[in-house]
Amino acid sequence: MTTFLRVSDLTVKAKDNFILDGISFELEKGKVLGLIGESGAGKSTLALAAIGYLKPGLEISSGSVVLDDNDLTIASDSALRQLRQSKVAYVAQSAAASFNPFFRLGYQVTELVILSGFIEKSDRYKVATDLFARLQLPSPKVFARKYPHQASGGQLQRAMIAMALLNDPDLIVFDEPTTALDVTTQLDVLSVIRQVVAEQGCAALYVSHDLAVVSQMCDSILVLRHGKMVEMNATRSIIDQPQDSYTRSLVAHRKVGDFLTDTPQADDAPLISAENITLGYGKVQIVPNASIALNENEILAIVGESGSGKTTVARAIAGLLEPWSGTIKLRGTTLQGNVDNRSQNHRQHIQFIHQLPDVALNPRQTIRTALMRPLQVFKGLDGAALNTRLNALMDEVELPRDLLGRYPGALSGGQKQRVCIARCLAAEPDLLICDEVTAALDPLVEDSILALLWRLKEEHRMAIIFITHNLGVTRRFAHSVTIMEHGKIVESGPTAQIFADPQQAYTCRLLASEPSTDAGWINARELSGATGPRKHRHDSL
Amino acid sequence: MKSPLLSYTVKRTGSGLISLLLVSLLIFLGTALLPGDAAQALLGQNATPENLAALREQLGLNDPLVVRYLSWIGGILQGDMGISFSSKQPVLEILLPKLANSLILALAASLIAVPLAIFLGIVAALKQDSLVDRAISFLSMWLVSLPTFLTGYLLINFFAVRLGWLPSLSVLRSTADVNDWVAALIMPVAALVLVTIAHTMRLTRTAILSVMASDYILMADIKGLDRRRIILWHALPNALSPIVSISLLTVAYLMVGVVVVEVVFSYSGMGKLMVDAVSYRDLPLVQACGACFSFIFIFMNFLADFLCVVVNPRLREPKS
Amino acid sequence: MITRKNIGVLTSLIILAILGFCAIAAPLVSPFSPQEIVANPFQEPNGEFLLGADSIGRDLLSRTIYALRYTLGISLAVTLIACLFGTTLAITAALKGGWIDIILGRTVDAIMAIPQIIFALIALAAAGVSLWSLIAIMTVLEATLFYRILRASAGDIAAMDYIEISRLRGDSLSWNVFHEILPNLAPTLIAEFGMRFAFASLFISSLSFLGVGIQPPSADLGALVRENVLAISIGRFSPLAPAICIAVIAVSTNSVVDWFIRKYSIRGELS
Chain U
1 MTTFLRVSDL TVKAKDNFIL DGISFELEKG KVLGLIGESG AGKSTLALAA IGYLKPGLEI
61 SSGSVVLDDN DLTIASDSAL RQLRQSKVAY VAQSAAASFN PFFRLGYQVT ELVILSGFIE
121 KSDRYKVATD LFARLQLPSP KVFARKYPHQ ASGGQLQRAM IAMALLNDPD LIVFDEPTTA
181 LDVTTQLDVL SVIRQVVAEQ GCAALYVSHD LAVVSQMCDS ILVLRHGKMV EMNATRSIID
241 QPQDSYTRSL VAHRKVGDFL TDTPQADDAP LISAENITLG YGKVQIVPNA SIALNENEIL
301 AIVGESGSGK TTVARAIAGL LEPWSGTIKL RGTTLQGNVD NRSQNHRQHI QFIHQLPDVA
361 LNPRQTIRTA LMRPLQVFKG LDGAALNTRL NALMDEVELP RDLLGRYPGA LSGGQKQRVC
421 IARCLAAEPD LLICDEVTAA LDPLVEDSIL ALLWRLKEEH RMAIIFITHN LGVTRRFAHS
481 VTIMEHGKIV ESGPTAQIFA DPQQAYTCRL LASEPSTDAG WINARELSGA TGPRKHRHDS
541 L
Chain F
1001 MKSPLLSYTV KRTGSGLISL LLVSLLIFLG TALLPGDAAQ ALLGQNATPE NLAALREQLG
1061 LNDPLVVRYL SWIGGILQGD MGISFSSKQP VLEILLPKLA NSLILALAAS LIAVPLAIFL
1121 GIVAALKQDS LVDRAISFLS MWLVSLPTFL TGYLLINFFA VRLGWLPSLS VLRSTADVND
1181 WVAALIMPVA ALVLVTIAHT MRLTRTAILS VMASDYILMA DIKGLDRRRI ILWHALPNAL
1241 SPIVSISLLT VAYLMVGVVV VEVVFSYSGM GKLMVDAVSY RDLPLVQACG ACFSFIFIFM
1301 NFLADFLCVV VNPRLREPKS
Chain L
2001 MITRKNIGVL TSLIILAILG FCAIAAPLVS PFSPQEIVAN PFQEPNGEFL LGADSIGRDL
2061 LSRTIYALRY TLGISLAVTL IACLFGTTLA ITAALKGGWI DIILGRTVDA IMAIPQIIFA
2121 LIALAAAGVS LWSLIAIMTV LEATLFYRIL RASAGDIAAM DYIEISRLRG DSLSWNVFHE
2181 ILPNLAPTLI AEFGMRFAFA SLFISSLSFL GVGIQPPSAD LGALVRENVL AISIGRFSPL
2241 APAICIAVIA VSTNSVVDWF IRKYSIRGEL S
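Going down the list, the protein sequences come from chains U, F and L.
With my numbering, the residue at position 519 of the first sequence is 519, and numbering never jumps.
With my numbering, the residue at position 80 of the second sequence is 1080, and numbering never jumps.
With my numbering, the residue at position 61 of the third sequence is 2061, and numbering never jumps.
This is how it looks when you write it as structure tokens:
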């Protein structure tokens, strides 16, 4: 095989900032190259540059992109459009936003091939139907007549892959194609991608921040950081013998061992318990009759996919959502359902951390004000004692003290989440409720936040309810786990036991869907039928 | 499968009717709760306690408020809008010809203002931050800030007094022919266009820009479609609902903009009629004009919302 | 610092300051008394009477300066009162929700279903034309406009997680309003205030021009135009000076608002 795509010393700038800095790689047909890195690493820009597209405001300052012997950096706009129409294809992260809401899916998918005259207009819906059938979309004939808002995220992602295939491309760019999907849906889409790339025999670039996914999908991996190449090598070499320290930490993140060094003693009286609570919004019932309990110093993970009701349970315990029925107890004392009616003492002992620190911190308050408030309200501190405590809090969450005078806008995502943690810590709570607190963070930042939470739990003897969809985090961070699906608790118990010996079919499927860096993981899933016909039922959620 | 369009139409018609009801109530209460009443106003100098009482009885002014409101509404539905205090003629007879004149003026202005404003708005959006865009936004800031009567008098000063091309007043006699009409309409129409165009332009620009910034336009660009097709085929249909609603609201604003313009040019329409009626405190006439303007305004809003749904598949088609 | 970008805003601010000063210091600034007959009727502008005289010989420049008092004073008063009411109600509705929110929303919808100038004309016919009814009616209209914008903004802010944190902490209503909501609402509030002020000055001028606003012998800028319609219709420019003055007030205010909005949306926050 000869080189189909050659990128040499590519440098892309936005005004005076480097977005990409001296990137070089080659790719043959039939091979898949993974581009991996944290947000802002330049991986999407690189993938788009490879198919002759630059977002407005960016410019190539040096280097070349040679695709099938054409240098794209010197090609005219119309030549590039011609190329993108015929030889390459792009699969975007958010299929829901990337389909035009005005047209039926069958129309959009076939728009290009009809413009290029590959197929007749009259065959439009027949061609689309056949293709959708090939990608195992449910009732393809009806699907082709649907508008984008009438299909689910996983279905749209497959429709977008279908669109990419129609003009018979030599190179396909997959830009985080499964990031917005739940794990069980993700597995189905990954399997479809592998299948079409193999059948098409084309080259592919696979962009992702998830090393496990990339390791299953790609022949080799290019690690990017701050627009620079960190390391490029065959997939197994990257996973098994990473050379660069950054790559090593990425790989280590995936393989990190158990945090757990203790098992909290099972008391007769749990710290907090929710007994037979039924929850809903307005007239719609979300969670029927759920019970959970946890002990002091215990970490309980509530795990589920989107719409499983895990956050609803957390909000009920915090008192943000009054249960329709059932009771919530703290140390045996029944709590008021609505936080507005709870005592200041109860409010102090249950603290809540939101998923997105951006909206959990008031943008018009300095960090000092944000941290000062709970110290005044719960601890009655002022003057010098207040200042001493503020500094101590900053030290505890490992933030420089001079950030106290800043506004949240000047902080990074990880720093903001640390401020939110410090704000809860100020109240010296017994229970910390963490709602997907690391979901919006890059993997390495996620690790450092988890380590921080662990250390604080050890030092302050707090219990933590950890709401998450991330099984890897659950495995190494939680003493016990509760699995939820469609508002119902499927299974709960000690983490080690559930992960080693799941009793329920849903738990098995969920655990099997969690991507791993192990060689051959996805082949094993496909063979065992973890992907397949049953997907449609879940996909339509 | 339930059609969202049908259920939306029913809901929106319902809320439109409630608006009408509330508005009629506001208008009625505003004018009914006054010291001094219609009988007094109608009789004026000739009022004696006896004939005053007789007329009150005849007009039903002694009835409870609810009865009076219902009979007022009932009257309107049958085309009876009461008797004008100042001219003692039925309100409807006075109103209809003036309404026709106002509609002609507003319609003529709409036909120019709407396409022009939308065209300029689209140009400004597609040439975002260029010289053209900045010139258009500078112009629109001046236009929204000009009092309508200043625009009107500047036109008169220039085209009628200095150049002598057009009559300075748009007074139409019953013998007026087409040429008289055109001559009389040019300046009021121009003034109306100038005062309404800025707002429409800005809204159109914003609508287009927000569509152009969406992921599906990016996707169309990445797919290599040519720019003309992206704008005309992928962006414009999605900007259609905001543009349709902006256009109809412009027409609604034009309907109201006629008030000042008609006074400036002495154009004999419903706006001028209403202002005169306010000066004379001719309440039945004020009520009728107000109800008429409000009805047109509410109807235009209804039409705008309705068409918005019709041209938008996301609102029109059921979820699944 | 003066740059090409903010020169327009600076000019606008200076113009507004000068006009404001003239209004406050009218007796010191104006060359004649506004009511005194000092010249011939329809006197052409000259060195002594910069804008000429009106139909009975009163100095137009002096009358314009005094008219500024009415236009700016009433606009400012109306905008301030309406802002206070509109904002208070909007925040209350956003925080409390429930029936207060529904009733306020319905009322505002009903008022806004009538075109503003038509609402004003009906109300003026009903209440009679006077300074106080004018202020009351305009305040109602402006307050509904304030309410609609601020209710939406305050609703967005009230849905933020940091408001939830405040609730979890058991914060008082006053902390919530003054420390959590208002600082975030401030940019919208300031921009809206500017726009509403420009609108009020245009609106009151229009009503006075129509003869249903400020009544003689007092006159605001719109009423001055009405008084001198005869001179204008024979082609005089100088009686249009009050109208141009209104336009200048509105343009200056709008350009300051534009600058403020652009600055805010680019920087994301003002701090």
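Just so it is clear, CB atoms sit at the ideal spot from N, CA and C, and this is done for glycine as well.
Close partners of L/Ile-2246 in chain F (Cβ separation under 8 Å): Pro-1147 and Leu-1150. The Cβ atoms of L/Leu-2221 and L/Pro-2242 lie closer than 8 Å to each other. For the pair U/Pro-270 and U/Leu-294, the CB atoms are nearer than the 8 Å cut-off. For U/Leu-361, the C-beta contacts it makes with chain L under 9 Å involve Asp-2161, Tyr-2162 and Ile-2165, in order along the chain. About 12 Å separates the Cβ atoms of U/Asn-233 and U/Ser-215, ruling out a contact at the 8 Å cut-off. U/Leu-46 has its alpha-carbon roughly 29 Å from the corresponding atom of U/His-469. Between the segment 170-186 of chain U and the segment 71-90 of chain U there are three or more inter-stretch CB-CB distances shorter than 8 Å, so the stretches are counted as touching. Assigned with DSSP and collapsed to three states, F/Ser-1168 falls in coil, not helix or strand. Any Cβ of chain U closer than 8 Å to the Cβ of L/Gly-2170 would place that residue at the interface, and such an atom is present. Contact between the segment 2138-2145 of chain L and the segment 2079-2090 of chain L is present, with at least three C-beta pairs closer than 8 Å.
DSSP, read as helix, strand or coil, puts U/Ala-41 in coil. Comparing C-alpha distances from L/Pro-2045 to each of L/Ile-2037, L/Leu-2060 and L/Gln-2035 shows the shortest one belongs to L/Leu-2060. If you ignore the 5 residues before and after U/Thr-235, its C-beta comes within less than 8 Å of the C-beta of Gly-34, Val-214, Ser-215, Cys-218, Asp-219, Ser-220 and Ile-221, all in its own chain and listed in chain order. If only complete runs of 4 or more residues are kept, the segment 396-443 of chain U shows the alpha helix (DSSP H) at 413-425, in order along the chain. Straight across, the Cα-Cα distance linking L/Ile-2135 with L/Ser-2208 is about 12 Å. DSSP places F/Leu-1203 inside the alpha helix (DSSP H), whose first and last residues are 1178-1212. Taking 8 Å as the threshold, the shortest C-beta distance from L/Glu-2044 to chain U does not fall below it.
CA-to-CA, the gap between U/Trp-521 and U/Pro-515 works out to about 8 Å. Put simply, the backbone Cα of L/Ile-2103 is about 33 Å away from that of F/Asp-1080. Taking C-beta separations shorter than 6 Å and ignoring five residues to either side along the sequence, the partners of U/Ala-95 in its chain run Leu-156, Gln-157 and Met-160, following chain order. The residues Leu-471, Phe-499 and Pro-502, in chain order, have a CB closer than 7 Å to that of U/Leu-511 in the same chain once the five nearest residues on each side in sequence are set aside. Between the segment 2198-2216 of chain L and the segment 1143-1154 of chain F there are three or more inter-stretch CB-CB distances shorter than 8 Å, so the stretches are counted as touching. Residue range 2131-2158 is occupied by the alpha helix (DSSP H) that includes L/Asp-2156, with no beta strand (DSSP E) assigned at that position.
Under a 10 Å Cβ-count criterion, F/Leu-1070 is classified as exposed, with fewer than 16 other Cβ atoms of the shown protein chains found around its own Cβ. Segment contact: the segment 2106-2115 of chain L against the segment 1015-1025 of chain F, three or more CB-CB distances shorter than 8 Å; contact assigned. Around the beta carbon of L/Lys-2096, fewer than 16 other beta carbons sit within 10 angstroms, so the residue counts as exposed. When Cβ-Cβ separations below 8 Å define contact, U/Pro-494 makes no contact with chain L. Beta-bridge partners of U/Met-229 (DSSP): U/Leu-224. Sixteen is the threshold: since fewer than 16 other Cβ atoms of the shown chains lie within 10 Å of the Cβ of U/Thr-2, the residue is exposed.
Rounded to the nearest angstrom, the Cβ distance from U/Ile-465 to U/Leu-300 is 5 Å, consistent with a contact under 8 Å.
In summary, the residues of the segment 84-103 of chain U whose CB is separated from some CB of chain F by less than 7 Å are Arg-84, Gln-85, Tyr-90, Ala-92, Ser-94, Ala-97, Ser-98, Phe-99, Asn-100, Pro-101 and Phe-102, in the order they occur in the chain. Nearest CB-CB separation between L/Asn-2228 and chain U: not below the 8 Å threshold. Approximately 7 Å separates the beta-carbon atoms of U/Gly-487 and U/Ser-308; this is inside 8 Å, confirming the contact. As computed with DSSP, U/Gly-493 is found in a beta bridge with U/Val-481. Among the CB atoms of chain L, none fall inside 8 Å of the CB of U/Pro-288.
Residue-level contact by beta carbon fails for F/Pro-1004 and chain U, as no gap is shorter than 8 Å.
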